[in-house]
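Counting in the numbering used here, the sequence shown runs from 4 upward without gaps. Cβ coordinates follow ideal geometry from the N, Cα and C atoms, glycine included. Note that the structure is a prediction, hence the values are computed from the model and not measured.
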Amino acid sequence: MSLMAEIATKALDLNIPIDVHIDVTYRCNERCVHCYLDHDDHGELNTIEIKDILDQLADAGVFFLTFSGGEVFMRRDFLELVAYARQLQFNVKVKTNAVMIREYEAQRLKALGVEQIQISVYSHRPEIHDAITKLPGSLKRTIKAIRFLKLQGLKVTMANVLMTANMFDHAGVQALAKELDVILRSRPDNYPEDGRGHVNSEPAYSGQRTSPGFPQ
4 MSLMAEIATK
14 ALDLNIPIDV
24 HIDVTYRCNE
34 RCVHCYLDHD
44 DHGELNTIEI
54 KDILDQLADA
64 GVFFLTFSGG
74 EVFMRRDFLE
84 LVAYARQLQF
94 NVKVKTNAVM
104 IREYEAQRLK
114 ALGVEQIQIS
124 VYSHRPEIHD
134 AITKLPGSLK
144 RTIKAIRFLK
154 LQGLKVTMAN
164 VLMTANMFDH
174 AGVQALAKEL
184 DVILRSRPDN
194 YPEDGRGHVN
204 SEPAYSGQRT
214 SPGFPQ
């Protein structure tokens, strides 16, 4: 049994929620065609409220903490939240589209000791990726951010959602991941029914749904 498996088993025996995923915002600078979120700030917790939750998670024995959204960098206090989480000794992972990451943000994430950054990339072709995100220039900015992060020595994972829209791009995405020296994780989209999820199952979005012919 691996060390991680032993830790997970022990945590289960002790009823400790060792791994927690927290969405700190639903706001986003992209409008991905497959996204189920409403992209507004209704009910968004403030800095003090999230720090209180982090305190509770630390007291409960949580060790692994993933920050996600929405787009986490839409929050002006996001790096403050990461810093607080690290003070509480969480092992921190960040999920982001990286569009708002520049040299400063990359340097701060490194200085704060973030374990891993997961970044969404839907195609190696700008015309496909940007059509999915509905944000012109998003692929170029995301790739630039990945380079900033890699220069800091951070571990970067490229998350690739498989859809009909990018069904011919898997090999190209693999090549891009290799070029950037990042880990690639691909998965078919399952279109949850939460939030805007019901919209994605309407006929108008049938062209974006997962194809059975995707490579495994």
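The alpha helix (DSSP H) that contains residue i, what's its start and end?
| i | result |
| --- | --- |
| S71 | Counting along the chain, S71 falls outside any alpha helix (DSSP H), though it belongs to the beta strand (DSSP E) covering F67 to S71. |
| L142 | S141 to L154 |
| E74 | Segment: none, E74 is in no alpha helix (DSSP H) and carries neither H nor E. |
| L183 | H173 to L183 |
Could you check how far apart the C-beta atoms of residue i and residue j are, in whole angstroms? I think they sit under 8 Å.
| i | j | result |
| --- | --- | --- |
| D172 | H127 | 6 Å |
| D26 | S71 | 5 Å |
| V95 | V117 | 5 Å |
| A86 | L115 | 6 Å |
| N100 | T145 | 6 Å |
| K147 | P129 | K147 to P129, Cβ: 12 Å. No contact. |
| A168 | I122 | 18 Å between Cβ atoms; not a contact. |
| K113 | L157 | 6 Å |
| M103 | N32 | 7 Å |
Following the continuous beta strand (DSSP E) through residue i, name the residue where it begins and the one where it ends.
| i | result |
| --- | --- |
| I186 | I186 to P191 |
| V159 | V159 to L165 |
Less than 8 Å between the beta carbons of residue i and residue j, yes or no?
| i | j | result |
| --- | --- | --- |
| L84 | V23 | no |
| I149 | V164 | no |
| L15 | L57 | no |
| A63 | I19 | yes |
| R30 | G73 | yes |
Smallest Cα separation from residue i: which of the options?
| i | options | result |
| --- | --- | --- |
| F66 | V159, L179 and K13 | K13 |
| M166 | A101, Q90, C38 and L17 | C38 |
| C35 | K158, S141 and K181 | S141 |
| I135 | Y125, K147 and G175 | Y125 |
| I51 | M77, F81 and H45 | F81 |
| Q177 | L48, L152 and L187 | L187 |
| G175 | N18, I131 and C31 | I131 |
| Q110 | V102, R78 and F151 | F151 |
| K181 | R190, P191, K153 and K54 | K153 |
| I229 | L138, Q155, P139 and R79 | Since the first and last residues shown for the chain are 4 and 219, residue 229 lies out of range. |
| I21 | F93, S189 and I53 | F93 |
Fully enclosed by the stretch 86-132, which alpha helix (DSSP H) runs are 4 residues long or longer?
-> 106-114
Could you pull out every unbroken alpha helix (DSSP H) segment of at least 4 residues lying fully inside the stretch 25-63, listed in chain order?
-> 50-63
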